[in-house]
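The opening position of the sequence shown corresponds to residue 21 in our numbering, with each subsequent residue numbered one higher.
Yeah, the Cβ is synthetic: ideal placement off N, Cα and C, and Gly gets one too.
The structure displayed is predicted, hence computed values, not measured ones.
See below for the structure under consideration.
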Amino acid sequence: MEAKLLLVDEVRLTPILISDPPLLNVQGVHQPFTPRLVVEVVTRGGVVGLGETYGDGVYLETARSLAEALPGRPVTHVNSLFEPVTKAVAGAVAGAVSGAGAARPEAGAGVDASGLRGVRTAAKLRLSVVSAFETACLDALGKTLGLPVHALLGGKVRDEVEYSAYLFHRWAAHPGAGGPADDWGAALDPAGVVAQARRFARTYGFRSFKLKGGVLDPEREVAAIRALAEAFPGHPLRLDPNGAWSVATSLAVARALEDVLEYLEDPASGTAAMAEVAAGTGVPLATNMCVTTFEEIPEAFARGAVRIVLCDHHYWGGLHRTRELAALCRTYGVGLSMHSNTHLGISLAAMTQVAATLPGLTHASDTHYPWQTEDVVTPRPVFRDGRLPVSDAPGLGVELDRPALEALHRRWLDDDGRMRDRDDTAAMRAADPEWRPRRW
Ligand code: GKR
Ligand code: MG
Numbered sequence: 021m022e023a024k025l026l027l028v029d030e031v032r033l034t035p036i037l038i039s040d041p042p043l044l045n046v047q048g049v050h051q052p053f054t055p056r057l058v059v060e061v062v063t064r065g066g067v068v069g070l071g072e073t074y075g076d077g078v079y080l081e082t083a084r085s086l087a088e089a090l091p092g093r094p095v096t097h098v099n100s101l102f103e104p105v106t107k108a109v110a111g112a113v114a115g116a117v118s119g120a121g122a123a124r125p126e127a128g129a130g131v132d133a134s135g136l137r138g139v140r141t142a143a144k145l146r147l148s149v150v151s152a153f154e155t156a157c158l159d160a161l162g163k164t165l166g167l168p169v170h171a172l173l174g175g176k177v178r179d180e181v182e183y184s185a186y187l188f189h190r191w192a193a194h195p196g197a198g199g200p201a202d203d204w205g206a207a208l209d210p211a212g213v214v215a216q217a218r219r220f221a222r223t224y225g226f227r228s229f230k231l232k233g234g235v236l237d238p239e240r241e242v243a244a245i246r247a248l249a250e251a252f253p254g255h256p257l258r259l260d261p262n263g264a265w266s267v268a269t270s271l272a273v274a275r276a277l278e279d280v281l282e283y284l285e286d287p288a289s290g291t292a293a294m295a296e297v298a299a300g301t302g303v304p305l306a307t308n309m310c311v312t313t314f315e316e317i318p319e320a321f322a323r324g325a326v327r328i329v330l331c332d333h334h335y336w337g338g339l340h341r342t343r344e345l346a347a348l349c350r351t352y353g354v355g356l357s358m359h360s361n362t363h364l365g366i367s368l369a370a371m372t373q374v375a376a377t378l379p380g381l382t383h384a385s386d387t388h389y390p391w392q393t394e395d396v397v398t399p400r401p402v403f404r405d406g407r408l409p410v411s412d413a414p415g416l417g418v419e420l421d422r423p424a425l426e427a428l429h430r431r432w433l434d435d436d437g438r439m440r441d442r443d444d445t446a447a448m449r450a451a452d453p454e455w456r457p458r459r460w
């Protein structure tokens with residue numbers, strides 16, 4: 021193999037808008053359409069590698085700088101590929117981050133307002149973009165060598181990856197006319213949540229269930245988990261209000277559900293509050309909000325704030341760095357699960373490939389994928405018994421559906437700008453102009 025065939029020839033960036041149902045969270049409601057970004061890294065050998073990440077304006081802007089700088093660099097050098105490039109764009113990104121925070125004052129300066137992934141920083145934003153390029157480089161390298169991505173990460177330790185059903189309180193339709201529709205109907209009480217879980221179990225075979233909390237009063241969310249425990253005795257159950265509760269409320273919920281919860285995810289906001297909750301309950305606490313960077317690990321682990329960290333290759337900076345996080349968790353006896361945000365099949369393939377290589381992945385991974393009615397890969401992945409098979413095909417093992425990509429890009433081009441940045445609070449205010457995020 022001639023080394024120059026592995027040099028990047030061209031990078032194509034395609035921002036898209038994908039249909040998203042009206043799922044409720046502490047920040048508001050999902051918009052009718054959510055931005056994602058598809059990255060294609062083309063090698064001089066003509067091989068195309070795929071990556072996917074958040075598609076909001078600041079991510080796109082950062083991706084454009086990276087895309088310009090990559091041609092001529094080898095896809096094999098994922099450890100050093102991005103450093104000089106990212107330094108060059110750091111200033112621009114820092115400005116964009118403070119700008120985004122300022123546009124959403126109720127979220128607080130520097131707080132991630134739409135993705136609920138903890139504090140928003142320039143470094144994290146940059147890593148979220150780099151991750152899509154890293155994935156695309158690994159996909160291109162794997163396709164060139166005829167090896168799956170998991171082989172490039174040291175090899176799989178399992179043939180299937182287990183996912184959990186991601187349950188949401190939700191409306192039947194988006195407010196106003198014209199948004200996308202689905203046939204799930206509303207779920208705003210325990211019976212609605214159980215019906216949703218039954219459909220997830222019937223259709224996909226999921227055994228483990230996570231309910232997005234921070235939407236209704238905590239007693240009503242406790243009742244929903246109790247109803248799930250009754251409907252699915254012995255199944256792993258999780259509740260995640262994205263830091264919406266005080267320490268006292270978190271402890272009351274933990275007491276009420278201690279006999280049925282697999283874990284309680286981000287009941288309170290920040291390491292100090294999480295440590296206080298952890299000290300007062302035997303229920304394991306998990307997070308994708310107070311441990312989202314390597315810098316946040318020492319304090320959180322030293323204070324015993326969390327027993328499980330949810331990894332996410334997007335904001336941890338790629339598949340290699342996800343494995344570094346896993347090694348740290350293993351060293352400190354902290355469990356590992358996997359976080360998700362609205363995503364398509366390229367990300368799902370990357371999640372599955374890296375999950376297959378993590379011996380310490382002790383919990384079923386989150387995924388929003390069953391909520392998505394559109395995709396840019398073909399054929400669409402199918403969950404059986406709550407699991408996805410780990411592909412041994414070269415690269416990520418997915419094929420781009422170019423007509424679908426073009427259609428979703430056209431939607432992005434035709435948008436008047438309102439959907440290009442995900443803003444769950446603005447979407448909620450379309451229904452209730454006075455609405456403000458609540459805390460209990
Ligand atoms: O999709 O509404 C949502 C979730 O709340 C998402 O934004 C979170 O990042 O799924 C995530 C979580 O586990 O916190
Ligand atoms: Mg969470």
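Beta-ladder partner(s) of residue i, from DSSP
i: A185; result: F229
i: G166; result: According to DSSP, which records beta bridges pairwise, G166 is partnered with nothing at all.
i: G355; result: I328
i: V397; result: L420
i: R56; result: I36 and Y74
i: G198; result: Paired residue(s): none; G198 is not in a bridge.
i: A207; result: R190
i: N262; result: Paired residue(s): none; N262 is not in a bridge.
i: S385; result: Y183
Alpha carbon of residue i to alpha carbon of residue j, nearest angstrom
i: A129; j: V139; result: Confidence at A129 is low in this model, with a pLDDT of 40, below 50, so its placement is unreliable and the value that follows should be read with caution. Distance between the alpha carbons of A129 and V139: 9 Å.
i: A123; j: L364; result: Low per-residue confidence applies at A123: pLDDT is 33, beneath 50, and the placement is therefore not dependable, though the value from the model is reported in the following sentence. Each residue's Cα considered, the two are about 27 Å apart.
i: P168; j: E296; result: 43 Å
i: D159; j: V28; result: 13 Å
i: S228; j: F403; result: 13 Å
i: H388; j: Y186; result: 6 Å
i: I36; j: V59; result: 11 Å
i: W455; j: N99; result: 44 Å
i: L236; j: L44; result: 10 Å
i: D444; j: P52; result: 10 Å
i: A120; j: G263; result: The pLDDT assigned to A120 is 40, lower than 50, so where the model puts this residue is not dependable; a value taken from the coordinates is nonetheless given after this. Each residue's alpha carbon lies about 21 Å from the other.
i: S118; j: G212; result: Only weak support is given to the placement of S118: the predicted model assigns it a pLDDT of 48, under 50, and the value that follows is read from those uncertain coordinates. Using only the alpha carbons, I get a separation of about 39 Å.
i: T351; j: D395; result: 37 Å
i: A143; j: H333; result: 14 Å
i: A293; j: E30; result: 47 Å
i: G196; j: K24; result: 54 Å
i: A376; j: R178; result: 5 Å
i: R137; j: M371; result: 17 Å
i: P399; j: A424; result: 12 Å
i: M439; j: V242; result: 33 Å
i: V354; j: T313; result: 15 Å
i: G233; j: I366; result: 27 Å
i: E126; j: P457; result: Residue placement at E126 is flagged as unreliable, the pLDDT there being 33, under the threshold of 50; the coordinate-derived value follows with that caveat. Cα to Cα, the separation comes out at about 8 Å.
i: E282; j: F220; result: 18 Å
i: T342; j: L26; result: 24 Å
i: T382; j: K176; result: 15 Å
i: A207; j: A215; result: 8 Å
Which listed residue (the options) has its alpha carbon closest to that of residue i
i: G406; options: D40, H255 and A215; result: H255
i: Y183; options: F226, Q216, Y283 and A152; result: F226
i: W460; options: P287, I38, P423 and H340; result: P287
i: P91; options: E81, L145, G77 and G66; result: G66
i: P41; options: P200, M21 and A243; result: P200
i: T34; options: E426, A243, P379 and L281; result: E426
i: G174; options: T313, E72, D441 and H340; result: H340
i: W191; options: H50, S85, Y79 and Q373; result: H50
i: C349; options: W432, A322 and Q373; result: A322
i: V410; options: L147, A83, L165 and A171; result: A171
i: A276; options: K176, L86 and I245; result: I245
i: E72; options: T342, S151 and A320; result: S151
i: R32; options: L80, S39 and E22; result: L80
Contact belief for residue i with residue j at Cβ below 8 Å, rounded distance in angstroms
i: L259; j: L231; result: 5 Å
i: G300; j: E278; result: Actually they do not touch by this definition, with Cβ atoms about 11 Å apart.
i: V95; j: L161; result: 5 Å
i: L408; j: E180; result: 7 Å
i: T269; j: P238; result: 6 Å
i: L356; j: A346; result: 6 Å
i: V273; j: L305; result: The pair is not a contact, with the Cβ atoms about 12 Å apart (cut-off 8 Å).
i: D61; j: A156; result: At residue 61 the sequence reads Val, which differs from the Asp that was named. Right, the Cβ-Cβ distance comes to about 4 Å (below 8 Å), so this counts as a contact.
i: P55; j: R442; result: 6 Å
i: L361; j: L330; result: Sequence inspection shows Asn at residue 361; the Leu mentioned does not correspond to that position. At roughly 11 Å, the Cβ-Cβ gap does not stay under 8 Å, so N361 and L330 are not in contact.
i: L416; j: L70; result: 6 Å
i: K163; j: P414; result: 5 Å
beta-carbon residue i near the ligand SAH non-hydrogen atom, thresh 6 Å
i: N361; result: Judged by which ligands are present, the ligand SAH is missing from the structure shown, whose ligands are the ligand GKR and the ligand MG.
| query | Got a list of residues with beta-carbon closer than 7 Å to any non-hydrogen atom of the ligand MG, in chain order? | reply | For the ligand MG, the residues with a Cβ under 7 Å from any of its heavy atoms are, in chain order, L136, D260, N262, E285, D286, N308, M309, L330 and H359.
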